[in-house]
Ligand code: VGL
Ligand code: ZN
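Residue numbers (the UniProt record's numbering): 74 to 337.
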């Protein structure tokens, strides 16, 4: 097992580290609630889910999430925010700012929800949305009724993490862990691992876009992933259903918020 050419003390430390992580993960589950993008624009603003194909009401997640914040002893609370500059590549209003690649699946009569490929950018399909969640605007603020836990005053002593994503003009970021090309990682994984978090409970908006992407990355980063179904609302019913099925296939749990109490 030992590599003769490598310092034994270092190898022993590596081994200790490895097993201590395994033991912690096995014996000491620690949970984080990740509240994805519960922002005004998805609820009543420019990208309101009410106008998307599934016609869902994003505001309905707020009381469900507030109840989870009050009733469940999560160790860490994460608020993620979609946080775009005005010239962001995901905005249909900005189509004229970029050229389409010859491989773009659509080149004309482009409408909201279509996917394109831009020239000169990482060869990834970019879905187009109305301008939304522009940095420091009302639309980018968390919904006014969403309970904010403050690390300084929280009687339960929970850690609080804010993640801002999609803030580079030329690349979108659905997951709270990585951008869509996996070129950059946010600090979320390091912060969670630092807190010893093993289990992530994911909720918020939109179920089939950012909540799903965050959940898939969570699985890949070795968290136990619990998708809280009734604490999400999404864009497209078929996509929501498919993403949930894929998540379960990949080892996630899809649960109802009333069951979370008995899990944490
Ligand atoms: C989202 C579309 C575009 C989301 C963000 O938070 O799910 N959806 N940007
Ligand atoms: Zn966005």
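Note that beta-carbon positions come from the ideal geometry of N, C-alpha and C, so glycine has one too. Keep in mind it's a predicted model, so treat the numbers as computed, not measured.
| Item | Value |
| --- | --- |
| Which value, in whole angstroms, describes the spacing of the CA atoms of residue 180 and residue 129? | 30 Å |
| If the criterion is Cβ atoms closer than 9 Å, does the pair residue 301 and residue 104 meet it? | no |
| Between 126, 276, 191, 171, which has its C-alpha nearest residue 178's C-alpha? | 191 |
| For the ligand ZN, is there a heavy atom less than 8 Å away from the beta-carbon of residue 92? | no |
| What residues match up with residue 258 in a beta bridge as DSSP calls it? | 251 |
| Would you mind sorting residue 175 into buried or exposed? The rule is 16 or more other CB atoms within 10 Å of its CB. | exposed |
| Is residue 134 near the ligand VGL, with its Cβ less than 8 Å from a heavy atom? | no |
| Should residue 163 be counted as a contact of the ligand VGL given a C-beta to heavy atom distance under 8 Å? | yes |
| Would residue 248 and residue 287 qualify as a contact pair, given that the criterion is a beta-carbon distance under 9 Å? | yes |
| How is the alpha helix (DSSP H) around residue 284 delimited, first residue to last? | Careful: residue 284 lies outside any alpha helix (DSSP H) and carries neither H nor E. |
| Would you check if there are 3 or more beta carbon pairs closer than 8 Å linking the region 306-313 to the region 129-148? | yes |
| Per DSSP, residue 200 forms a beta bridge with which residues? | 188 |
| List the endpoints of the continuous alpha helix (DSSP H) containing residue 314. | 310-322 |
| Cutting at 7 Å between CB atoms, please list the residues of its own chain near residue 92, excluding the five before and the five after it. | none |
| Per DSSP, residue 95 is paired with what? | Beta-bridge pairing links residue 95 to no other residue. |
| Just the Cα atoms here: how many angstroms apart are residue 61 and residue 165? | No information on residue 61 is available, as it lies outside the stretch 74 to 337 that the chain covers here. |
| Indicate whether the contact test is met: 3 or more Cβ pairs, each with one atom in the region 280-295 and one in the region 249-267, closer than 8 Å. | yes |
| By DSSP, does residue 115 sit in helix, in strand, or in coil? | helix |
| Starting from residue 343 and walking both ways along the alpha helix (DSSP H), at which residues does that stretch end? | Shown here, the chain extends from 74 to 337; a query on residue 343 therefore has no answer. |
| Is residue 300 near the ligand VGL, with its Cβ less than 8 Å from a heavy atom? | no |
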